[in-house]
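Engineer: Input: one structure, supplied below.
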Amino acid sequence: MSSDLQMNPQLVIDASYLAAAFLFIYGLKRMSSPVTARSGIVVAGFGMLVAVLASFLYFFGVNEAALPHLSTNVSLAALALGLGTTWAWWSGKRVAMTAMPQMVALYNGMGGGAAAAIAAVELLRPNAEHAPVPLVVTIVGALIGAVSLSGSLIAWAKLDGRIHGTWRITGQQAFNALVFIATLAIGAYVVFVAHGHANPAVVAAFFAGALLFGVLMTMPIGGADMPVVISLYNAFTGLAVGFEGYVLQNPALMIAGMVVGSAGTLLTLLMAKAMNRSVSNVIFSNFGAAGADQQGEIKGSQKPAEAGDAAINMRYASKVIIAPGYGLAVAQAQHKLYEFVKLLGDAGVEVKFAIHPVAGRMPGHMNVLLAEAGVPYDMIYDLEDINGEFKEADVAVVIGANDTVNPAARTNKASPIYGMPILNVDQARQVYVIKRGQGKGYSGVENELFFADNCNLVYGDAQKVMVAMIQAIKALEGTGH
Amino acid sequence: MDLTTTLTGFVALYIFMLAAFTGYEIIGRVPSILHTPLMSGSNFVHGIVVVGAMYALLNATSTVEQVIGFVGVLLGAGNAAGGYVVTERMLEMFKPSAKKSENKPAAEGGASSEASRA
Numbered sequence: 004m005s006s007d008l009q010m011n012p013q014l015v016i017d018a019s020y021l022a023a024a025f026l027f028i029y030g031l032k033r034m035s036s037p038v039t040a041r042s043g044i045v046v047a048g049f050g051m052l053v054a055v056l057a058s059f060l061y062f063f064g065v066n067e068a069a070l071p072h073l074s075t076n077v078s079l080a081a082l083a084l085g086l087g088t089t090w091a092w093w094s095g096k097r098v099a100m101t102a103m104p105q106m107v108a109l110y111n112g113m114g115g116g117a118a119a120a121i122a123a124v125e126l127l128r129p130n131a132e133h134a135p136v137p138l139v140v141t142i143v144g145a146l147i148g149a150v151s152l153s154g155s156l157i158a159w160a161k162l163d164g165r166i167h168g169t170w171r172i173t174g175q176q177a178f179n180a181l182v183f184i185a186t187l188a189i190g191a192y193v194v195f196v197a198h199g200h201a202n203p204a205v206v207a208a209f210f211a212g213a214l215l216f217g218v219l220m221t222m223p224i225g226g227a228d229m230p231v232v233i234s235l236y237n238a239f240t241g242l243a244v245g246f247e248g249y250v251l252q253n254p255a256l257m258i259a260g261m262v263v264g265s266a267g268t269l270l271t272l273l274m275a276k277a278m279n280r281s282v283s284n285v286i287f288s289n290f291g292a293a294g295a296d297q298q299g300e301i302k303g304s305q306k307p308a309e310a311g312d313a314a315i316n317m318r319y320a321s322k323v324i325i326a327p328g329y330g331l332a333v334a335q336a337q338h339k340l341y342e343f344v345k346l347l348g349d350a351g352v353e354v355k356f357a358i359h360p361v362a363g364r365m366p367g368h369m370n371v372l373l374a375e376a377g378v379p380y381d382m383i384y385d386l387e388d389i390n391g392e393f394k395e396a397d398v399a400v401v402i403g404a405n406d407t408v409n410p411a412a413r414t415n416k417a418s419p420i421y422g423m424p425i426l427n428v429d430q431a432r433q434v435y436v437i438k439r440g441q442g443k444g445y446s447g448v449e450n451e452l453f454f455a456d457n458c459n460l461v462y463g464d465a466q467k468v469m470v471a472m473i474q475a476i477k478a479l480e481g482t483g484h
Numbered sequence: 008m009d010l011t012t013t014l015t016g017f018v019a020l021y022i023f024m025l026a027a028f029t030g031y032e033i034i035g036r037v038p039s040i041l042h043t044p045l046m047s048g049s050n051f052v053h054g055i056v057v058v059g060a061m062y063a064l065l066n067a068t069s070t071v072e073q074v075i076g077f078v079g080v081l082l083g084a085g086n087a088a089g090g091y092v093v094t095e096r097m098l099e100m101f102k103p104s105a106k107k108s109e110n111k112p113a114a115e116g117g118a119s120s121e122a123s124r125a
């Protein structure tokens, strides 16, 4: 019997998958704290390596029909693995931290595409026997995976600046619904009428419909809603992978896919909650189209300030809180910002960073940028941890953020963003807002913070403003000695 | 001795249910400063799909299946490798302040560091 065990490649594969599933979960667990996070991804990576290497043992157990093609198939598999890994490794190493949201979207879409490809092979296999339940699961996984692929590609193109603006047509909701229903109908035909042996053209039509729906669904969404979308597609790919894992009777895919599916769903809900909106509202509504006429008059005027004056004011403050937003990423100002913060720290000023949950274009985007600049994570605070401190702060600095600091969310019931949790920067004694121009935020709402008595605006690109601030402090220190 | 796994019906549902709870519990406790690496880390984990794509490709019997299987493995490998690299790069950057590194930083957003500053 022991020789029997040694000779059984399937047993090695199953044991490897068990190990991989354990290492994934243990790795994710370690990633839940900044102290152990780095080792967590290494642990999970080791699990992946084990699983992929073990999968070459499928060599010994292929279908009889596939035996004549085996050497070709193995070569193709090795080639695809090599190409995919090399390209992704290379692109992942050189991508700038500011471009991270689109890369995560891109890799995620690829996973959705792989799940859809598994489903396509299942549905096109001529001699396959399909039980009804696995067939339904195949189709559902294919649908979700394909939507995740095309949707993530659109998200990537938008974040990468390859597609501009939001794209809407009249009656788009109805058209989207039509495409979705048609895709479902073709899927139902493949399952219940053709029993998995549909004409390849019909299968192709199903995938075309699903891909089109992903495009249509993502095109109208943009800007500040991106964290929700990226997180949602991450959950989609997880679910698709889990479902196709069931079809292939592969517990590693089932477990990993479902863990990611539920984690991604939770993260999506957290993101939507941080904007006080439901996920369906983010996906299906035209945010920013309404609202402009609903707000009351804002009294006061926007008062500009010089970067140097603002810097010197902060230099003599005792407590400064900085609230960064997407503008920091656009201007790539994170390094200069931290250089400035270190100068303030040397002068004895207490500086903290306040991060809104949906600041930036993916969950936790600002934390990554600040970490890249070398800001220690114990200087960075979540909304609920820091909001009580603004009233003790001498200066609050808003860098390229708008809706996440708009007091109308607290006070103006007519505002589209009413009820969204915001950073209470307006409670600081003095507020400086660094922004490029007098434009409105993503929601299209004018920000009454900018008109407040204690608020001054420093116009300009965030990086240039930071350079000017650093120079002002250095000039001051220079004359002081 | 038959060790073949057959994951039909309720067994599959049990696996899905427990995995879903596991994902929920693990992620629910992650501080928001780690949301991006966490998302890209889970993005990496579903890169395991490459294994399923390899199975499909190795069992391919026609050119169409081979092409789709090849694309599947290519995409899956990209998902796994890309997800790993960017996650590792991001996590490498997260560091506590040097002067406080001997204190064990609290995972929930630095309550201890606040106390030490005050």
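As given, the protein sequences belong to chains A and B, one line each in that order.
According to my numbering, the first sequence is numbered sequentially starting from 4.
According to my numbering, the second sequence is numbered sequentially starting from 8.
Heads up, the beta-carbon is just placed ideally off N, CA and C, and yes, glycines get one too.
Since we're looking at a predicted model, the values are computed, not measured.
Beta-carbon separation of A:Y29 and A:V55 under 8 Å?
Structural biologist: no
Engineer: Of the choices A:Q175, A:M100, A:A350, whose alpha-carbon is the least far from that of A:P377?
Structural biologist: Checking the sequence shown, residue 377 of chain A turns out to be Gly, not Pro. The candidate whose alpha carbon is nearest that of A:G377 is A:M100.
Engineer: According to the Cβ coordinates, are A:G115 and A:F239 closer than 8 Å?
Structural biologist: yes
Engineer: Terminal residues of the continuous alpha helix (DSSP H) containing A:D388?
Structural biologist: 386-389
Engineer: Can you tell me the Cα-Cα spacing of A:D296 and A:N415, whole angstroms?
Structural biologist: Its pLDDT being 44, under 50, A:D296 is placed unreliably by the model, and the measurement read from it follows with that caveat. C-alpha separation (whole angstroms): 13 Å.
Engineer: Taking the alpha-carbon positions, what's the A:G481 to A:A308 distance?
Structural biologist: 23 Å
Engineer: In chain order, what residues of the stretch 60-84 of chain A put their CB closer than 8 Å to some CB of chain B?
Structural biologist: Y61, F62, V65, N66, A68, A69, H72, L73, T75, N76, V77, L79, A80, L82, A83, L84
Engineer: Near A:L219, what residues of its chain come up, given a Cβ to Cβ distance below 8 Å and the 5 sequence neighbours on each side ignored?
Structural biologist: Q175, F178, N179, V182
Engineer: Exposed or buried, which one is A:Y341 when buried takes at least 16 other CB atoms within 10 Å?
Structural biologist: With 16 or more Cβ atoms within 10 Å of its Cβ, A:Y341 is classed as buried.
Engineer: Does the stretch 456-465 of chain A come close enough to the stretch 309-327 of chain A that 3 or more CB-CB pairs lie under 8 Å?
Structural biologist: yes
Engineer: So that I know if they touch, is there some Cβ in chain B lying closer than 8 Å to that of A:A22?
Structural biologist: So, not an interface residue.
Engineer: When the Cα atoms are used, what is the spatial distance from A:H72 to B:L82?
Structural biologist: Using only the alpha carbons, I get a separation of about 22 Å.
Engineer: Give a yes or no on whether the minimum CB-CB distance between A:D296 and chain B is below 8 Å.
Structural biologist: Since pLDDT at A:D296 reaches only 44, below the 50 mark, its modelled position is unreliable, and the value read off the structure follows with that caveat. Using a Cβ-Cβ cut-off of 8 Å, A:D296 does not count as an interface residue toward chain B, since no Cβ of chain B sits closer than that to its own.
Engineer: Can you name the residues that DSSP bridges to B:Y31?
Structural biologist: Note: B:Y31 sits in no beta bridge, so no partner.
Engineer: Where does the unbroken alpha helix (DSSP H) through B:N50 begin, and where does it stop?
Structural biologist: 42-52
Engineer: Roughly how many angstroms lie between the CA atoms of A:N370 and A:T407, to the nearest whole one?
Structural biologist: 16 Å
Engineer: Where do the ends of the alpha helix (DSSP H) carrying A:L79 lie?
Structural biologist: Taken as a continuous stretch (DSSP letters only), the alpha helix (DSSP H) holding A:L79 covers 73-97.
Engineer: Name the chain B residues whose beta carbon is nearer than 7 Å to that of A:V55?
Structural biologist: V57, V58
Engineer: If you measure from the CB of A:A57, is any heavy atom of the ligand GDP nearer than 7 Å?
Structural biologist: In terms of ligand content, the structure shown is empty, and the ligand GDP therefore cannot be addressed.
Engineer: If the criterion is Cβ atoms closer than 8 Å, does the pair A:F210 and A:A158 meet it?
Structural biologist: no
Engineer: Per the DSSP calculation, A:P307 is bridged to which residue(s)?
Structural biologist: Beta-bridge pairing by DSSP links A:P307 to A:L460.
Engineer: Which residues in chain B sit within 8 Å of A:K32, going by Cβ to Cβ distance?
Structural biologist: Identification of chain B residues near A:K32 by a Cβ-Cβ cut-off of 8 Å yields I33, ordered along the chain.
Engineer: Report all residues from its chain with a CB closer than 7 Å to the CB of A:G161; omit the five preceding and five following residues, and keep chain order.
Structural biologist: Looking at the sequence provided, one finds Lys at residue 161 of chain A rather than Gly. Excluding the 5 residues flanking it on each side, A:K161 has same chain C-beta neighbours closer than 7 Å at G225, in chain order.
Engineer: If we count the other Cβ atoms within 10 Å of its Cβ and call it buried at 16 or more, is A:I172 buried or exposed?
Structural biologist: exposed
Engineer: Do you know how far the Cα of A:D385 is from the Cα of B:I34?
Structural biologist: Rounded to whole angstroms, the separation of the alpha carbons of A:D385 and B:I34 is 16 Å.
Engineer: Going by alpha carbons, who is nearest to A:R165 out of A:Y110, A:Q105, A:S151, A:H200?
Structural biologist: A:Q105
Engineer: So if DSSP puts A:Y435 in a beta bridge, which residue, or which two residues, is it bridged to?
Structural biologist: In the DSSP secondary-structure assignment, A:Y435 is bridged to A:V400, A:N459.
Engineer: What in chain A is Cβ-close to B:F77, meaning under 7 Å?
Structural biologist: L79, A83
Engineer: Consider the Cβ of A:E480: report whether some Cβ of chain B lies at a distance smaller than 8 Å.
Structural biologist: It does not; no Cβ of chain B falls within 8 Å.
Engineer: Applying a beta-carbon distance threshold of less than 8 Å, which residues of chain B neighbour A:I28?
Structural biologist: Per Cβ cutoff of 8 Å: T29, I33.
Engineer: Which residue marks the beginning of the beta strand (DSSP E) containing A:V1, and which one marks its end?
Structural biologist: Coverage of chain A is limited to positions 4 through 484, which leaves residue 1 of chain A absent and any answer about it impossible.
Engineer: Does the structure place the stretch 395-405 of chain A close enough to the stretch 258-267 of chain A that three or more beta carbon pairs sit under 8 Å?
Structural biologist: no
Engineer: Thinking A:A243 and A:S153 are a contact (beta carbons under 8 Å), I'd like their distance in whole angstroms, please.
Structural biologist: Between A:S153 and A:A243 the Cβ distance is about 13 Å, and since that is not below 8 Å, they are no contact.
Engineer: Using a beta-carbon distance cut-off of less than 7 Å, what residues from the stretch 77-92 of chain B approach chain A?
Structural biologist: F77, V78, G79, V80, L81, L82, G83, A84, G85, N86, A87, A88, G89, G90, Y91, V92
Engineer: Just reading off the beta strand (DSSP E) that A:F356 is part of, what are its end residues?
Structural biologist: 353-358
Engineer: Would you grab the beta carbon distance between A:A120 and B:G16 for me? Rounded to a whole angstrom, and I think it's under 8 Å.
Structural biologist: About 26 Å separates the two Cβ atoms, so there is no contact after all.
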